[in-house]
Amino acid sequence: MSNRVVRAACPHDCPDTCAMLVTVEGGKAISIRGDPDHPNTAGVLCTKVSRYLERTYHPDRLLHPMKRTGPKGAGQFTRISWAEALTTIAERLRSIAAQDPRGILPYSYAGTMGMVQGEAMAMRFFHRLGASQLDRTICSSAGGTGYKYSIGAKVGTDTEQFSNAKLIIIWGGNPIASNLHFWMQAQEAKRRGATLVAIDPYRSLTAEKCQIHIALLPGTDSALALGIMHLLIRDGLLDHDYIAKYTLGFEQLKERVAEWGPEKTADTCGIEVVQLEALAKLYGEAAMRGDPVAIRLNYGVQRTHGGGMAARNIACLPALVGAWRHAAGGVLLSSGDSFPKNTRSLERPDLRRVDSQRVPRTINMSTIGDDLLRPGSAEFGPRIDALIVYNANPVAVAPESAKVAQGFERDDLFTVVLEHFRTDTADYADILLPATTQLEHTDVHATYGHLYIVANNPAIEPLGEARPNSEIFRLLAAQMGFDEPCFADSDDELAAQAFDATDARASRYDWQGLKQAGWMKLNVPDAPYAQGGFHTPSRKCEFYSERMQQDGLDPLPAYIPPHESPRTAPELARDYPLAMISPPQRNFLNSTFVNVQSLRATESEPHLEIHPDDAAARGIADGDRVRAFNRRGELQLRARVTDATRKGLVVALSIWWKKLASDRKNANELTSQRLTDMGRAPTFYDVLVQVEKSVTPP
Ligand code: SF4
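Below, the structure written as structure tokens:
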């Protein structure tokens, strides 16, 4: 039997967006590997996606539409036809829309990063319906907002250039687990003599392998950046020419950081003064020697109250030392704005009809727990009567999980879920629709970690009766009687519209050609801000931001402390003295892959890492069953007593499916719905808890 090799793209919420090669024999995918010719992928897929075939052909795949037969959350369903599913959904949506279409809410995020199976046909449908809009804040909006106040756009150092840097600061991320191909570049830089520094409250797999690790207190990254600025200015480690030509507000910044001397900074961050002094010296002196110095900033820094300000402050550092002059210098949070996406063509917001009686409504996905429980009111608008969930698993992922589950349990809520599996969220669906995986549909991908557009060709036929998201929304549109021609666009036609080929960055974009080639690099400069040209209103790196002032924020870099920490909430800390963070497990990707047996077996069960001193004070030994709790909830975990966490900090690697944990709970039982300083994002790593030895038998 002859083989064929299909060019594909990894769809997951990961900055690497790997180019993949899928080998198909007799209609079945038999192998998946990274494209060796794609410069970023370099032939390597991470452990998770190496198991993508196990996931695709998993015996639990949803293969047919289903309707719920038991109580919400019990996961009891019976098979129905597509015709019955579509008719039922259309009838319910039509009746809700007749009252007020804002009672219908789409709920989606990055279960696929594809532009076709993501928000293209889906948003056309919801715009035409007049549904409530969703503020997609759950992961990156705080950091993105802060970063953009300083440098104007989510643009930064090209990942492929990091191997040429002499100093790399990995700030708020664990790339071995969640940005593997950047880590490959960092390792190459290390082999060539570079110093790697990790800034992370937790000694992650990555921090273990860096020469320097600064374990600061959670939520104090913005203070650390202020302290570094103070020392760079105090010691004259500045590129005065770059500052004069390409920055705005240096004198105000100087005044602001004067108060952030080393003692105050070190005390705020819970680190030693010598560590801070050494870090600032390392960064400043390397830059003054003309060495490329680069920061890989990641989203871990922005999951606390002051997360937006932290990203803003850190984004100011390269301009002070002129690091942007080098292609291998600067900072990278995201490359997302490097792509000229045709979002309006794909999503067609013009389909939304103007209704003078109704103010359009946007619901923040990060407060879905509260919002599902809110009654209709003049201020809130109509109660949420229907939820259509796709590319998301909010019952496991959204903060303050008990409230989220309570909301999903509402008998008067009509819930439709498009999924591959019966996830924690799918168990609450009234109608469950089987969606295709990346091997079964067409898509095109931008990314937030490199500079390539990557094509995804279908490798195999859809399994069972699964259908692509795009097709499901096309069918729903037809069922609702939406007859605008855009609802007939095929997936190839959607992909062809995805990028603006009149923009010089993607001038070679041609979907038919890309399907054959697999990927193309954007036409962008190697050193984006070597001569200024920032994407801010002033075209400079804005130490002082007029826009922040207008938005009611401090226009200068500042420190915004956590909502929950022993210093900022001493009364709360009397009952709940330990800070908790819940960064990604290496073998899971958010909540994806938790049900892949070979990967879950590696992680075995939910753990809580706790410092030996904190464990001893509670009589907890390694391997004990423990109970972590606060006012929002509780969960059971297995203790790992380790000095990888600092004293006062516990770590619950995540995100487990609740139904696969012995107590059917995960770390989001303890997280809160309080939001960040900017970007309206959740504060997943801004949590106080207490831990005790569990009396529940294992
Ligand atoms: S999850 Fe990330 S590293 Fe893994 S294959 Fe996908 S893009 Fe590559």
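Numbering (our numbering), first residue to last: 445 to 1142. Note that the Cβ used here is the ideal one computed from N, Cα and C, for glycine as well.
By DSSP, does residue i sit in helix, in strand, or in coil?
i, result
"W955", "helix"
"A529", "helix"
"M510", "strand"
"P550", "strand"
"M472", "Strictly speaking, residue 472 in this sequence is Lys, with Met absent from that position. The answer is strand: DSSP assigns K472 an E or B state."
"C490", "coil"
"P1142", "Model confidence at P1142 stands at a pLDDT of 47, short of 50, so the residue's coordinates are unreliable; what they give is reported in the following sentence. In the structure shown, P1142 sits in coil (DSSP, three-state: anything other than H, G, I, E or B)."
"V1135", "strand"
"Q975", "coil"
"F852", "helix"
"S1026", "coil"
"E823", "coil"
"P878", "strand"
"F1032", "coil"
Hey, is residue i close to ligand 2, as in C-beta under 8 Å from one of its heavy atoms?
i, result
"H625", "What this structure holds is ligand 1, not ligand 2."
CA-CA distance, residue i and residue j?
i, j, result
"D602", "L776", "8 Å"
"K698", "I687", "12 Å"
"V488", "A452", "14 Å"
"S648", "D933", "46 Å"
"S666", "R1124", "18 Å"
"I916", "A922", "10 Å"
"E985", "I582", "It is worth fixing the name first, because residue 985 is Cys in this sequence and not Glu. C985 and I582: Cα-Cα distance of roughly 27 Å."
"T886", "M753", "38 Å"
"P1142", "P804", "Only weak support is given to the placement of P1142: the predicted model assigns it a pLDDT of 47, under 50, and the question is left unresolved by the model."
"D1130", "L1114", "10 Å"
"E703", "D679", "15 Å"
"S1048", "Y743", "26 Å"
"G976", "R983", "7 Å"
"I1064", "A759", "41 Å"
"N447", "R733", "54 Å"
"G600", "R1062", "45 Å"
"T485", "L465", "11 Å"
"A575", "V861", "16 Å"
"R568", "N1110", "34 Å"
"A772", "E695", "28 Å"
"R477", "W627", "18 Å"
"R636", "A910", "49 Å"
"E937", "A974", "38 Å"
"H684", "Y501", "59 Å"
"C713", "G519", "45 Å"
"G517", "D504", "17 Å"
"R1084", "A621", "19 Å"
"F858", "R827", "12 Å"
"D544", "G825", "9 Å"
"V888", "A564", "11 Å"
How about residue i and residue j: do their beta carbons lie closer than 9 Å?
i, j, result
"V841", "Y553", "yes"
"L668", "V701", "no"
"P509", "I832", "no"
"L877", "A529", "yes"
"L790", "A942", "yes"
"H1051", "D1087", "no"
"P459", "N623", "yes"
"L1016", "L1093", "no"
"F570", "Q561", "no"
"F852", "N1039", "no"
"I739", "G774", "yes"
"I1143", "A830", "With the chain represented from 445 up to 1142, any question about residue 1143 goes unanswered, as that position is not in the structure."
"L412", "G728", "Residue 412 falls outside the range modelled here, since the chain spans only 445 to 1142, and no answer is possible."
"L676", "Q655", "no"
"P843", "R949", "no"
Name the residue from the options whose alpha carbon lies nearest to the alpha carbon of residue i.
i, options, result
"I672", "A722, Q801, Y690 and G1063", "A722"
"W1076", "A633, S1048 and R1118", "The sequence given here places Arg at residue 1076; Trp does not occur at that position. Of A633, S1048 and R1118, the residue nearest in Cα terms is R1118."
"Y551", "K1109, T806 and A910", "T806"
"A989", "A945, T589 and Q605", "Looking at the sequence shown, residue 989 is not Ala but Ser. That would be T589, whose Cα lies nearest to the Cα of S989."
"N967", "E498, L1132 and S951", "S951"
"T980", "Y690, H674, T748 and S1116", "Y690"
"T867", "A849, A642 and E884", "A849"
"Q1041", "A772, T491, I812 and I715", "T491"
"D856", "N835, T891, P515 and Y496", "P515"
"C930", "P1001, L795, V765 and W1101", "L795"
Check your understanding: Taking one C-beta from the segment 863-874 and one from the segment 513-533 each time, how about it: are there three or more such pairs within less than 8 Å?
Key -> yes
Review point. Are three or more beta carbon pairs between the segment 941-958 and the segment 897-905 nearer than 8 Å?
Key: The segment 941-958 is in contact with the segment 897-905.
Check your understanding: Quick check: the segment 1025-1032 against the segment 1067-1086, are there 3 or more CB pairs under 8 Å?
Key -> Taking 8 Å as the limit for Cβ pairs, the verdict is that the segment 1067-1086 does not touch the segment 1025-1032.
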